Each structure stands twice: as C-alpha cells, then as structure tokens.
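Remarks on the structure that follows.
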Amino acid sequence: MRTLQALGVMALWTIAFIAIINFVNFGEHHREPLWALGAALLFIIMIIGNFWIFFAIGKEEPWEWVKGKESGSDE
Numbered sequence: 032m033r034t035l036q037a038l039g040v041m042a043l044w045t046i047a048f049i050a051i052i053n054f055v056n057f058g059e060h061h062r063e064p065l066w067a068l069g070a071a072l073l074f075i076i077m078i079i080g081n082f083w084i085f086f087a088i089g090k091e092e093p094w095e096w097v098k099g100k101e102s103g104s105d106e
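Quick note: to get this note's numbering, add 31 to the position in the sequence shown (first position is 1).
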C-alpha cells in the first residue's frame, strides 16, 4: 500500500514540474543554451525528488519481494 501512495505522490510531483516547465515556456527557448541548462536542472531536480519521495514514503515495503519467505533460503 505504501508503494501505491509513493507512486501517487511522485505523480503529483512530476505533474507540478511539468506545469512549471509549461508555464515558463521552455519549449519556445529550447535552442538557447541557458534555457536548456535550466530545463536540464529542473529535470534533474524532478528525478532526484521522485527517488527521494519513493524511498521516504515506501520505506522497506518495495524491498519485500516475496512475503513470508526467509531471506537466503533457496526454495
């Protein structure tokens, strides 16, 4: 359940960044180097934020691949 919550918050985070990119209108200035660097920086912040959100909300749940099975058993 925590994984789904994390994915939902990540979706909202990504939508917010896409809205910022569209509001500032990066598409009109994609050939200008400083605008391109700004857009790249926003994308990096968005991706790092998504990772942080996923691991902060999901905690250990995403790592529990097979519930009820001991780690290290080869069955």
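Even for Gly, the Cβ is constructed at its ideal location relative to N, Cα and C.
These figures come from a predicted structure and were not determined experimentally.
In this chain, the alpha helix (DSSP H) harbouring MET41 covers 33-55. With three or more CB-CB distances shorter than 8 Å, the stretch 37-44 counts as touching the stretch 72-87. ALA37 counts as buried, since no fewer than 16 other beta carbons sit within 10 angstroms of its beta carbon. Between the alpha carbons of PHE57 and TRP66 lies a gap of roughly 7 Å. Bounds of the alpha helix (DSSP H) holding GLY89 are 64-89.
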